[in-house]
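What follows is a single structure, written as structure tokens, with notes after it.
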Amino acid sequence: MSFQSFGQGKPVYTKPIGLQAYTFRGSWGKGIEATLDTIKSLGVTELEGGPIKGMTTEELRKQLDKRGIKMVSIGADYKLISESTAETIKNCKILGATFVMVPWIPHKGAFDLATAKQAVADFNKVGKELKEAGITFTYHNHGYEFEPYEDGTLFDYIVKNTNPEYVSFEMDVLWTAFPGQDPAKLLLKYPTRWKLMHLKDLRKGVEGNLSGGTPTTNDVALGTGSIDIPAVLKAAKKVGIVHYFIEDESPSYLKQIPQTVAFVKSVKE
441 MSFQSFGQGK PVYTKPIGLQ AYTFRGSWGK GIEATLDTIK SLGVTELEGG PIKGMTTEEL
501 RKQLDKRGIK MVSIGADYKL ISESTAETIK NCKILGATFV MVPWIPHKGA FDLATAKQAV
561 ADFNKVGKEL KEAGITFTYH NHGYEFEPYE DGTLFDYIVK NTNPEYVSFE MDVLWTAFPG
621 QDPAKLLLKY PTRWKLMHLK DLRKGVEGNL SGGTPTTNDV ALGTGSIDIP AVLKAAKKVG
681 IVHYFIEDES PSYLKQIPQT VAFVKSVKE
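Letter by letter, the sequence shown follows residues 441 to 709 in my numbering.
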């Protein structure tokens, strides 16, 4: 069964092609400029990442500008940014990024209410400081937050208790589907809170759970996995996702990224 829609309509996806720099984690150490050249050759014009070891952040900005690539979002460690936002703000200003994302809330065992409450307090504080610097703070879901809580999940608790003025969200499509949620429905459930997206697909037949972890070989090219990507893209457009980033953690990312780009462009209204 294919989820693709072959209508005669307009393409659903009209945004620039973005990429999460973590996709190339095995390449940066071998040569930053060569890696940026490869990324440019894939048609990518937006990145989410941050400073890269082995090059000053100022030089990285120059190399990005030279290739017409914008670093629109940077990642931040939960503990470090909770202690101080100064370094993150400085890096955003140098790189020209207007979004920050935290990809993981440290926790032991199952994610629980006490950890969620602490995250809410930290996110509201960090988000306020970033907003004052002209930057939007986002939290990137990772699957473990969907532990049942009251009539929903702890993810619902985080959304409802964070201040929309200061805290937005980045949906990782795989880490929404893997724990058993419907990404398109979740986008529409909180239409004003999502700003960014990680485009990923999950290998067919993989059984999910709430661990926030799965082998990287379960990342497959968009349109070849078990997630209804056209439905996700349509919902994402409806709620106004600002930036989309392909994130492919599999060893086959160089082969899969062109397939993903082609599929994303092929989805019609």
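Yeah, the Cβ is synthetic: ideal placement off N, Cα and C, and Gly gets one too.
Boundaries (first-last residue) of the alpha helix (DSSP H) holding Trp615
Position 175 of the sequence shown, counted from the start, is the residue given in the question as residue 615. From DSSP, the alpha helix (DSSP H) with Trp615 extends over Leu614 to Ala617.
Roughly how far, in whole angstroms, is the beta-carbon of Trp634 from the beta-carbon of His582, given that I think they are within contact range, below 8 Å?
Numbered from 1 along the sequence shown, position 194 holds the residue referred to as residue 634. Numbered from 1 along the sequence shown, position 142 holds the residue referred to as residue 582. That belief does not hold up - the Cβ atoms of Trp634 and His582 are roughly 15 Å apart, past 8 Å.
Would you decide whether Asp668 is buried or exposed? Buried here means 16 or more other CB atoms lie within 10 Å of its CB.
Taking the first residue of the sequence shown as 1, we reach residue 668 at position 228. Answer is buried; the Cβ neighbour count reaches 16.
Would you mind working out which of Lys519, Gly449, Lys455 and Thr463 sits nearest Gln697, comparing C-alpha positions?
Here residue 697 refers to the residue found at position 257 when the sequence shown is read from its first residue. Contrary to the premise, residue 697 reads as Ile rather than Gln in this sequence. Answer by Cα proximity: Thr463.
Less than 8 Å between the beta carbons of Gly515 and Gly489, yes or no?
Sequence index remark: in the sequence shown, residue 515 carries index 75 (1-based). Sequence index remark: in the sequence shown, residue 489 carries index 49 (1-based). Contact flag set, yes.
C-alpha gap between Pro588 and Asp622, whole angstroms:
Looking up residue 588 in the sequence shown gives position 148. Looking up residue 622 in the sequence shown gives position 182. The alpha-carbon atoms of Pro588 and Asp622 are separated by roughly 15 Å.
Should the segment 564-581 be called in touch with the segment 547-554, which here means at least 3 C-beta pairs below 8 Å?
no
Any idea what DSSP makes of Gln503, helix, strand or coil?
Reading the sequence shown from its first residue, position 63 is the one you call residue 503. Note: Gln503 maps to helix in three-state DSSP.
Could you have a look at Ser513 and say whether DSSP puts it in helix, strand or coil?
Residue numbering aside, residue 513 sits at position 73 when the sequence shown is read from its first letter. Looking at Ser513 - three-state DSSP - the assignment turns out to be strand.
CB Leu476 to CB Ile529, shorter than 8 Å?
Taking the first residue of the sequence shown as 1, we reach residue 476 at position 36. Taking the first residue of the sequence shown as 1, we reach residue 529 at position 89. For Leu476 and Ile529, no; Cβs fall outside 8 Å.
Pair within 8 Å by beta-carbon distance, Leu482 and Val701
Counting from 1 along the sequence shown, the entry for residue 482 is found at position 42. Counting from 1 along the sequence shown, the entry for residue 701 is found at position 261. In contact: Leu482 and Val701 (Cβ atoms closer than 8 Å).
Under the DSSP definition of a beta bridge, which residues are partnered with His582?
Along the sequence shown, read from residue 1 onward, the residue named residue 582 stands at position 142. Its beta-bridge partners do not exist; DSSP assigns none.
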